[in-house]
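Everything on this sheet refers to the single structure shown next.
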Amino acid sequence: MKSTKRSTNPGRLSLSVQYAVKAAWLPTRAEVRKWVRAADPGAAELTVRFVGAEEGRALNAQYRGRDYATNVLSFAYAREPVPVGDLVLCVPVVLREAAGQDKAPPARFAHLIVHGMLHLQGYDHENGAEARIMEDREREILARLGFPDPY
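Residue 96 in the working numbering sits at position 96 of the sequence shown, and the numbers go up by one each step.
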């Protein structure tokens, strides 16, 4: 399990943000960078891609065998010497979840970017103990960003 110690030297972040869909609200590149940095990746190489339902469903079916669009997919390619990976957020799903949970879109997008970043760093939620550790870390990061408890 990954330590919760924050880095004092954030290192170089190579970040590509891709918008493959239009929506009433999408995070800016600056917001994405802020949320990624808050998850403390240190040095990292990362692509964050915002997609529509069709691409989200196709990726989830191809890589997870599930024929529906999910909110966020994390693809980790390397953890050493720096995390390298992609996050794919399905915008219609995220916006629908935000509305259904009575959350502002920025809070939901920030939560899912932090959640995905933690996956890229080795966190998981496959069992109760792991889930508690990951959720506590998410709460800590989101509180630091000024967002309420996502759970």
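Using N, Cα and C, we set each Cβ at its ideal position, and we do this for glycine too. Because the structure is a prediction, the values reported are computed rather than measured.
Which word fits glutamine 121, buried or exposed, when buried means at least 16 other C-beta atoms lie within 10 angstroms of its C-beta? buried
For the alpha helix (DSSP H) holding arginine 12, just list the boundary residues, first then last. From DSSP, arginine 12 is part of no alpha helix (DSSP H); its letter is neither H nor E.
Glutamine 62 CB to nearest heavy atom of the ligand PLP below 7 Å: The model depicted lacks the ligand PLP and carries no ligand whatsoever.
Might you give, ordered along the chain, the residues of its own chain that have their beta carbon closer than 6 Å to the beta carbon of serine 14, omitting 5 neighbours on each side? Glu45
Return the residue from the list Arg139, Phe50, Val72, Asn60 that minimises the CA-CA distance to alanine 23. Phe50
Find out if the Cβ-Cβ distance for the pair valine 94, alanine 39 is shorter than 8 Å. no
Which residues DSSP lists as bridging phenylalanine 50, in chain order: Tyr19, Leu89
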